[in-house]
Structure formats: C-alpha cells, structure tokens
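Trainee:
Residue numbers (the working numbering), protein chains in the order written: chain A, 89 to 247; chain B, 25 to 687.
1. Output the boundary residues of the beta strand (DSSP E) element that contains residue 52 of chain B.
2. Closer than 7 Å to a non-hydrogen atom of the ligand MG - does that hold for the CB of residue 529 of chain B?
3. At least one CB of chain A closer than 8 Å to the CB of residue 34 of chain B: is that the case?
4. Looking at the C-beta of residue 19 of chain B, does it have a partner C-beta in chain A at a distance below 8 Å?
5. According to DSSP, is residue 154 of chain B part of a helix, a strand, or is it coil?
6. Quick one: which chain B residues come within Cβ less than 9 Å of residue 136 of chain A?
7. Within 10 angstroms of the Cβ of residue 287 of chain B, are there 16 or more other Cβ atoms? Answer buried if so, exposed if not.
8. Residues in its own chain within less than 7 Å of residue 206 of chain B by CB, not counting five upstream and five downstream?
9. Count the other CB atoms, across all protein chains shown, that sit within 10 Å of the CB of residue 668 of chain B; report buried if there are 16 or more and exposed otherwise.
10. For the segment 324–353 of chain B, enumerate the residues whose C-beta is nearer than 8 Å to any C-beta of chain A, in chain order.
11. Which runs of the alpha helix (DSSP H) at least 4 residues long sit entirely within the segment 183–235 of chain B? Give them in chain order.
12. Given this structure, state the Cα-to-Cα distance separating residue 708 of chain B from residue 609 of chain B, to the nearest angstrom.
13. Using 8 Å as the Cβ pair cut-off and three pairs as the minimum, do the segment 160–180 of chain A and the segment 111–125 of chain A touch?
14. Rounded to whole angstroms, what is the Cα-Cα separation between residue 619 of chain B and residue 602 of chain B?
15. Please work out which residues of its chain come closer than 8 Å, Cβ to Cβ, to residue 37 of chain B, disregarding the five sequence neighbours upstream and downstream, and give them in chain order.
16. In the DSSP assignment, the alpha helix (DSSP H) including residue 736 of chain B goes from what residue to what residue?
17. For chain B, check one thing: does any of its Cβ atoms lie closer than 8 Å to the Cβ of residue 159 of chain A?
18. Would residue 203 of chain A and residue 234 of chain A be called neighbours here (beta carbons separated by less than 8 Å)?
19. Just how far apart, CA to CA, sit residue 147 of chain B and residue 545 of chain B?
20. For the beta strand (DSSP E) holding residue 680 of chain B, just list the boundary residues, first then last.
21. Starting from residue 162 of chain A, find everything on chain B with Cβ-Cβ shorter than 9 Å and list it in chain order.
22. When you compare only the Cα positions, how much space is there between residue 201 of chain B and residue 228 of chain B?
23. Is there a C-beta anywhere in chain B that falls below 8 Å from the one on residue 173 of chain A?
24. Give the interface partners of residue 156 of chain A over in chain B, defined as CB-CB distance under 7 Å, in chain order.
25. Can you tell which of B/563, B/556, B/47 has its C-alpha closest to the C-alpha of residue 581 of chain B?
26. Apply the 10 Å Cβ neighbour rule to residue 43 of chain B and answer buried if 16 or more other Cβ atoms are within range, or exposed otherwise.
27. Determine the extent of the beta strand (DSSP E) in which residue 128 of chain A is found, giving its start and end residues.
28. Have a look at residue 180 of chain B and residue 157 of chain A and give me their C-alpha separation to the nearest angstrom.
29. To the nearest angstrom, how far is it from the Cα of residue 55 of chain B to the Cα of residue 166 of chain A?
30. List, in chain order, every chain A residue whose beta-carbon is nearer than 7 Å to that of residue 43 of chain B.
31. Helix, strand or coil: which one does DSSP assign to residue 602 of chain B?
32. Under three-state DSSP, which class holds residue 668 of chain B?
33. Roughly how many angstroms separate the alpha carbons of residue 341 of chain B and residue 126 of chain A, rounded to a whole number?
34. Excluding five sequence neighbours on each side, which residues of the same chain lie with their C-beta closer than 6 Å to the C-beta of residue 177 of chain A?
35. Residues of chain A with CB under 8 Å from residue 40 of chain B, in chain order?
36. Which residue's Cα is closest to the Cα of residue 422 of chain B: B/438, B/436, B/405, B/437?
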C-alpha cells in the first residue's frame with residue numbers, strides 16, 4: 089500500500105501572517121514540517137497601504153502591531169528550534185506582495201491561514217489574498233484551515 | 025520606529041512593495057501589549073575592551089543563557105544525584121574510620137561494636153532521610169530546614185537554622201578540599217609544601233565549573249561520583265561474599281600503642297563519642313531539600329526519589345565499609361604511613377597494589393574533591409532564598425549569565441579558600457568546626473515538621489509526626505554530643521551562629537526601613553507638579569556644551585540662569601558680551617570670586633538666591649564627553665565636584681549633560 093501521509097519536503101517556505109487567529113496554527117504547522125526537512129521559514133506580514141498614503145509612508149500604529157505579529161512568530165519558531173527570518177512589507181495588494189516576496193527569496197512553498205467566520209451560519213473567509221496566491225504563486229501553496237467549531241466537537245458534524 | 029523603506033518591483037506591472045527594515049528587532053521583541061523583551065544583543069558590550077572581556081568570560085563560564093532556558097538547565101535525577109549527593113556519599117569514605125578511631129581506644133573487642141554503632145547511625149540516617157522526604161513534598165519551593173523553620177516557628181529559629189547550614193556548607197568545602205589534597209600529598213609527598221595552593225586552585229576550578237551552570241556542572245561531576253559508587257559497591261559485594269560465604273575474616277586487632285588497657289569497660293560516653301564521630305556521614309543529607317527547584321518537573325517527586333536513592337546508597341556504602349573493616353579487623357593506621365580504612369579494606373578485597381586497588385583509591389580522592397560541589401549548589405540557593413526574604417544582600421538572589429546564582433557561588437569559593445589559607449590547609453584543624461551546624465539544623469527542621477503535622481493533620485499525620493519527633497530527639501542528642509566531643513573549637517560555631525543571625529536581622533531591618541520610606545501609598549495619584557521650576561547652569565564661558573545645556577534647560581523651565589564664577593572681570597565682561605549677542609532671553613549672572621574658588625560660590629548661589637522651598641531647582645552640569653580614558657583627567661573636574669556637593673540637596677535635581685564632539 090503506498091504511503092500517502094508523508095508531507096512533501098520543502099527548502100524554504102514563506103508564511104503569510106495577518107495577525108488573525110490562524111497565525112498560531114500556520115506557524116506551528118510550518119515549524120513541525122520545517123523540523124523534519126530542516127527547511128528555512130520566512131514569516132511575512134504585509135501592511136496594506138491605501139491610496140491616501142504613499143507606499144513609503146510610515147503608517148501610524150501599524151508597525152508596532154506588525155512587529156508584534158512577527159515577533160510572536162519568531163518566538164514560537166525559536167522555542168521549536170526552527171530557523172525563521174521575518175519580513176515586514178508595505179504594499180497596495182497583500183496577495184501580490186506575498187507572492188513577489190516568495191519569488192524574491194526563492195521559496196518553494198507558501199503557507200497561509202484560512203479563518204472561519206462563525207456569524208451568519210458560518211463560512212470560511214477566503215477574502216482576496218488566498219484566491220490571489222492560489223492563482224498566481226509559481227510555487228506550492230498550502231492553506232491551513234481554522235477548525236470548524238461543529239466539526240471540532242466529537243460526535244457532531246462530519247469527521 | 026523603522027529604517028529607510030526600500031521599494032521593490034513585483035512580477036506584474038504596477039505591483040510594488042516596500043520592505044520595512046526593523047532595526048529594533050535585533051534588540052527587542054514584542055511579547056505582549058506594551059511589553060518588550062530585551063534580546064541578547066542589548067547586553068553585548070560595545071567597546072573593544074568589553075568585547076574582549078566578554079570573549080574571555082564566554083570561554084571560561086560559557087555563553088549567557090536566557091531565563092526561558094531555565095527549564096533546560098534543570099536536572100534529571102541521574103545528574104542531580106551526582107550534584108547533590110557527592111558530599112553525603114563521599115562521607116562513607118571516612119565515617120567508618122571516625123567510629124573505629126574512638127572504639128579502638130577501648131580495646132580490640134570494642135571494635136566489634138562498630139557494626140552496632142553504624143546500625144544506629146543508619147537508623148538516624150533513615151529517620152533524617154524520611155523527614156527530609158516529607159520536607160521536600162511539604163515545602164516544594166526549596167530551602168530545606170530554613171523554609172520549615174520559617175513556616176512553623178517564625179523568624180529567629182529559621183535564621184538559626186539558615187546560619188547553621190551556611191556555616192556547614194562553607195566547612196564542607198574547606199574540609200573536603202583539604203582532605204582530598206591530603207590524599208594527594210600522601211601519595212606524592214613532594215607536593216606537600218604546595219598543599220594550600222592546590223586546595224585553593226581546586227576550589228577555583230569547582231567554582232568555575234559551577235559558574236558554567238547546573239547542567240554543565242552535572243556533566244562534569246556525574247562521572248566521578250558514579251565511578252566511586254560503582255567501585256565501592258563492587259568492593260563491598262566481593263568482600264561480603266568472601267566473609268559470609270568463604271568464611272574469611274580476622275580476629276580483633278591488637279590495641280594501638282598508648283591505648284588504655286584492653287580490659288577497660290566500654291562507657292556510654294565512648295559509645296556516644298563513636299556515634300557522634302560516625303554521624304559525619306549525615307552531612308549533606310539536607311542539600312536535596314534545599315535545592316528542590318533545581319530538579320526537572322515534577323520537582324518534589326524527583327527530589328524525593330533522588331533523596332531516597334542517595335540515602336540508600338550512603339547507608340549501604342557506610343554499613344558495608346564498617347562491616348568489612350570489622351570483619352577483617354582493620355583499624356586506622358597513622359604511622360609510619362597513614363592508611364585509611366577504605367584503603368586497607370580495598371587492599372584486602374582487590375589485593376594490595378592491584379589495579380582495582382589503585383582505581384578505587386583514585387575514585388575516592390576524586391569524590392572527596394567533588395564533595396565540595398554539593399555545597400556549591402546548596403549554599404547559593406539558600407543564600408538566594410534568604411536574599412529574597414530580605415535577610416541577605418539582594419545581589420545574592422540575582423542569577424548570572426548561566427542561570428546559576430553566580431554571586432553566591434563566588435562568595436562560597438572565596439570564603440572557603442580564605443578558611444583553607446587561614447588554617448594552613450589542615451583538615452585536622454578544620455574538622456572540629458564541621459558537622460556541628462548540621463545537627464542543630466536537623467533538630468530545628470524536624471521539630472518544625474512536628475509542628476507542621478500537628479497543625480495540618482493531614483492523613484497519616486500521627487505516623488509522620490512520630491518519625492519526626494523521634495528524629496528530633498535523636499538529632500538533638502547527637503548535636504549536644506558533637507558540640508561537647510569537639511569542644512572547645514566547636515564552640516566557635518555556637519558563637520558564630522548568633523553573629524550571623526544578628527547580621528541577617530540588621531540587613532532585614534535596613535531593607536524594611538528603605539521599603540517603608542520608598543513606598544507610594546495606594547491612594548496617591550502621581551500628577552504633574554504645580555511647583556515653580558528654575559534652571560541654573562554653571563558655565564565656564566559660551567561653549568557648545570553650554571549651548572546644549574541652555575537648549576535643554578529651556579525645555580524644562582522658562583526661568584533659566586547661567587552662572588559664571590570668575591576671578592577675572594575682563595574675561596567675565598567678554599562672556600557677558602557673547603551672551604547678550606548670542607543667547608538672548610537667558611539671564612547671565614557673573615559672580616566674582618576673589619578667593620579663586622568655583623564650587624563654594626556656586627553652591628552658595630544655589631542655596632541663598634531665591635531660596636523658595638516650593639521652587640524645584642534643576643542644576644544642569646554641561647560636561648565634555650571624553651573619547652579616551654586619559655582625557656578624563658583633563659576635563660569635567662569642576663562638574664564632578666559640583667555634583668558631589670549638590671547631590672542630596674533638597675528640592676534640587678542635578679542633570680549631567682555630556683556633549684559629544686561629533687554632534
């Protein structure tokens with residue numbers, strides 16, 4: 089019987105972090121996988137700059153929050169003894185910035201989180217970033233999905 | 025917050041991104057809302073000399089460890105046994121001898137009683153070990169007898185227990201090191217003149233090993249401990265087989281020259297003295313209870329298991345050694361060449377001059393050296409707990425780069441080395457001071473546990489309390505016997521304990537007074553002060569440093585006065601001219617000093633001019649920041665003297681404002 093559970097090896101992965109609930113999941117999964125293949129991780133957070141500001145403007149309050157997001161990821165990686173670099177970007181389009189950064193650092197994998205929206209019956213929030221990266225990234229893309237509350241409870245929902 | 029943005033093109037036309045540099049990320053990390061954690065880079069030295077010193081320190085002590093790495097530094101049971109038990113286990117090498125030295129005075133037949141006396145000591149050891157096993161669970165924060173006494177009896181008895189322990193830890197280092205050096209100088213007599221030097225060097229090495237941190241100390245000290253335990257257990261097993269199965273053995277030995285008649289009756293006093301002599305085997309038993317927090321979780325369970333293993337090993341080694349010595353009729357020989365009991369027993373069991381004999385001797389010498397290591401773990405921990413409670417200088421509770429209580433380790437090393445130098449490295453001179461404190465400590469600890477059981481009445485409290493009460497009476501008797509048997513030198517410890525207690529109380533009172541002075545009541549809201557502010561700047565003339573001081577002064581208050589003290593009125597007029605043209609809005613006061621003094625007239629000016637007690641005076645001292653050490657002697661001498669004179673003046677803030685040449 090062929091082995092179907094082996095994770096594909098990667099050399100360098102870019103982790104797209106947005107400060108949301110899936111960040112922790114993305115970092116943990118990436119660290120576990122990176123340990124096995126001794127891969128490098130690059131955590132990327134993109135500050136979306138609207139057209140009222142120049143791309144190079146310092147957006148008040150954003151950089152501290154962004155640093156906190158990246159520092160948290162770095163701390164987690166350090167505890168798991170995985171090499172991680174962090175990159176803070178400003179861009180008009182978050183998805184394009186993640187893909188371009190992954191190409192620039194010669195990553196062979198992008199890992200993103202997909203949060204679950206509980207309101208109005210519950211649904212995954214695909215937004216614009218995930219579809220863009222899926223359609224445009226020249227490398228492999230993994231989406232780490234937030235657990236669906238109904239499925240997470242034993243005995244309820246699909247398992 | 026961020027550095028210069030760097031614009032980058034994307035793969036598609038119009039896609040742009042800017043990479044934001046985060047230079048601060050090398051120094052600080054966000055760990056929570058409004059919380060920054062300093063990284064290793066913030067503590068890295070910036071000067072060439074500092075970097076060189078840090079490099080040397082890294083080679084000697086190791087690279088600094090972060091607090092979060094503490095768990096990695098905690099000890100597993102195997103290493104903890106080596107670190108905390110070397111003192112207790114090594115005492116099996118000389119405890120039997122201490123008994124035989126006393127009993128042989130009563131004649132050859134009395135030597136046979138050594139087994140019974142040893143059995144009594146093993147009962148005492150078992151009682152003490154069970155008691156401390158209970159302490160480990162009841163007081164998992166560590167501290168041993170001090171914690172027990174503090175919780176049950178309050179301040180004074182706990183400080184007596186702590187003082188007794190501290191003295192004994194110092195004595196353990198001094199006695200075991202000098203004893204080990206004596207083993208070496210017995211084998212190589214040419215080294216005897218350097219005995220003190222060897223002992224001090226050995227203490228320095230052990231200090232260095234401990235400064236490298238717990239785990240590395242465990243790595244260094246584990247092997248010799250296990251080699252000694254292994255070779256001693258093998259010797260006892262082989263010896264016991266030959267005595268019990270093959271029927272080997274010897275009749276009681278001949279009396280020592282000068283000993284009383286062989287028919288002299290064995291008095292109770294003699295038996296008690298033999299018991300007190302052998303009781304040195306128990307020194308170091310409490311070390312595990314002091315250092316519970318050094319163990320990997322679950323700390324209490326692991327510490328308790330290690331304590332039981334240690335007591336078991338010590339009991340077997342001590343009993344086995346006494347049994348073999350008694351069976352083979354071995355007594356201590358001092359002349360013409362000193363022959364210790366373990367050496368004689370090893371000579372019989374392994375064969376004199378055999379490899380087994382020499383290996384056992386080497387391992388025994390090594391474990392005696394390392395017996396000091398137990399104290400190097402227990403003393404700094406107890407000092408740290410005392411410092412946290414405000415009874416010792418606070419510096420003792422700070423952990424060094426390697427998460428070890430570096431200051432306590434260094435303090436112990438220095439005191440023990442000083443004692444060795446003071447006593448000329450003689451074990452004989454040091455030993456009467458040894459083991460006195462430990463039994464006082466055992467007694468206080470066990471009586472504390474009796475009170476603990478009476479108050480908590482946990483399940484099985486009656487049985488547990490009985491064990492502690494029995495141990496308390498037994499150790500109290502031994503304490504009295506040890507003090508009397510080793511008098512008058514032992515009385516020095518009895519004097520030293522109150523001295524230490526007084527010192528600790530003095531420190532505690534000082535910290536309590538300062539804390540009371542510094543306390544901000546909870547109902548006080550710190551608001552902007554409505555008090556009037558004025559700035560006074562002493563100036564030698566109009567310089568860049570003065571210009572900077574005036575700029576800073578203007579941000580503090582509108583009332584800025586520059587004071588120029590001079591004995592040259594022509595020069596003063598030139599300064600006034602400069603000020604009027606170049607520094608508008610700042611009042612310049614020229615003070616003529618016919619006695620050519622600078623500091624006195626300036627301080628008086630601050631004191632008497634506008635002495636409104638409601639006014640807050642800021643004195644800004646412009647200084648020139650020197651680039652080389654020798655420049656310090658050419659600049660800022662007046663500023664230094666002014667600072668010295670003004671510091672502590674009421675309602676006055678002194679600001680040193682260095683000016684850099686490249687600004």
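Cβ atoms here follow ideal geometry from the backbone N, Cα and C, with glycine treated the same way.
The structure presented is a predicted model; accordingly, all values stated were derived computationally and were not measured.
Mentor: If we stick to the structure as given:
1. If you number the second chain from 1, residue 52 of chain B lands on position 28. Secondary structure note for residue 52 of chain B: its beta strand (DSSP E) is the uninterrupted segment 52–56.
2. Among the components modelled here there is no ligand, and therefore nothing to report on the ligand MG.
3. Against the second chain, residue 34 of chain B aligns to sequence position 10. Yes, contact with chain A.
4. Nothing can be reported for residue 19 of chain B, as the shown portion of chain B is limited to 25 through 687.
5. In the second chain, the residue the question calls residue 154 of chain B occupies position 130. Residue 154 of chain B sits in a helix when the DSSP states are folded into three classes.
6. The residue you call residue 136 of chain A lines up with position 48 of the first chain. Chain B residues near residue 136 of chain A: none, gap ~11 Å exceeds 9 Å.
7. Numbered from 1 along the second chain, position 263 holds the residue referred to as residue 287 of chain B. Residue placement at residue 287 of chain B is flagged as unreliable, the pLDDT there being 45, under the threshold of 50; the coordinate-derived value follows with that caveat. So residue 287 of chain B ends up on the exposed side.
8. Within the second chain, residue 206 of chain B is the residue found at index 182, counting from 1. Answer for residue 206 of chain B: 451, listed in chain order.
9. Your numbering for residue 668 of chain B matches position 644 in the second chain. Its Cβ having fewer than 16 others within 10 Å, residue 668 of chain B is exposed.
10. Answer set for the segment 324–353 of chain B: empty.
11. Here the runs fully enclosed are 219–235.
12. Shown here, chain B extends from 25 to 687; a query on residue 708 of chain B therefore has no answer.
13. These segments touch.
14. If you number the second chain from 1, residue 619 of chain B lands on position 595. If you number the second chain from 1, residue 602 of chain B lands on position 578. In this structure, the CA atom of residue 619 of chain B is about 25 Å from the CA atom of residue 602 of chain B.
15. Stepping through the second chain from its first residue, residue 37 of chain B is reached at position 13. Cβ within range, chain order: n/a, list empty.
16. Given that chain B is displayed from residue 25 to residue 687, the structure contains no residue 736 of chain B and the question cannot be resolved.
17. Your numbering for residue 159 of chain A matches position 71 in the first chain. Using a CB distance cut-off of 8 Å, residue 159 of chain A counts as an interface residue toward chain B.
18. Mapped onto the first chain, residue 203 of chain A falls at position 115. Mapped onto the first chain, residue 234 of chain A falls at position 146. Going by beta carbons, residue 203 of chain A and residue 234 of chain A fall inside the 8 Å limit.
19. As a working note, residue 147 of chain B is residue 123 in the second chain. As a working note, residue 545 of chain B is residue 521 in the second chain. For residue 147 of chain B and residue 545 of chain B, the gap between their C-alpha atoms comes out near 55 Å.
20. To locate residue 680 of chain B, count along the second chain from 1; it is residue 656. 676–683 is the extent of the beta strand (DSSP E) around residue 680 of chain B.
21. To locate residue 162 of chain A, count along the first chain from 1; it is residue 74. Correct list: 49, 53.
22. The sequence position of residue 201 of chain B within the second chain is 177, counting from 1. The sequence position of residue 228 of chain B within the second chain is 204, counting from 1. C-alpha separation (whole angstroms): 11 Å.
23. Against the first chain, residue 173 of chain A aligns to sequence position 85. Taking Cβ atoms only, chain B never reaches closer than 8 Å to residue 173 of chain A, which makes this a no.
24. Start at 1 with the first residue of the first chain, and residue 156 of chain A comes out as number 68. For residue 156 of chain A, the C-beta contacts it makes with chain B under 7 Å involve 54, in order along the chain.
25. For the purposes of this step, residue 581 of chain B is taken as residue 557 along the second chain, with counting starting at 1. Residue B/556 is the option with its Cα nearest to residue 581 of chain B.
26. Residue 43 of chain B sits at position 19 when you count from the first residue of the second chain. The residue in question, residue 43 of chain B, is buried, as its Cβ has 16 or more Cβ neighbours within 10 Å.
27. Mapped onto the first chain, residue 128 of chain A falls at position 40. Element bounds for residue 128 of chain A: 128–136.
28. In the second chain, residue 180 of chain B corresponds to position 156, counting from 1. In the first chain, residue 157 of chain A corresponds to position 69, counting from 1. Computed Cα separation, rounded: 52 Å.
29. Position 31 of the second chain holds residue 55 of chain B. Position 78 of the first chain holds residue 166 of chain A. Their Cα atoms are separated by approximately 13 Å.
30. For the purposes of this step, residue 43 of chain B is taken as residue 19 along the second chain, with counting starting at 1. Chain A residues near residue 43 of chain B: 175, 177.
31. Position 578 of the second chain, counted from the first residue, corresponds to residue 602 of chain B. Helix at residue 602 of chain B.
32. The count along the second chain starts at 1 and reaches residue 668 of chain B at position 644. DSSP places residue 668 of chain B in helix when its eight states are reduced to three.
33. The residue you call residue 341 of chain B lines up with position 317 of the second chain. The residue you call residue 126 of chain A lines up with position 38 of the first chain. Answer to the nearest angstrom: the Cα atoms are 49 Å apart.
34. Reading the first chain from its first residue, position 89 is the one you call residue 177 of chain A. Excluding positions up to five away in sequence, the list reads 134, 185.
35. Translated into positions along the second chain, residue 40 of chain B becomes position 16. The answer, in chain order, is 143, 179, 180.
36. Within the second chain, numbered from 1, the residue matching residue 422 of chain B stands at position 398. Closest option to residue 422 of chain B, Cα to Cα, is B/405.
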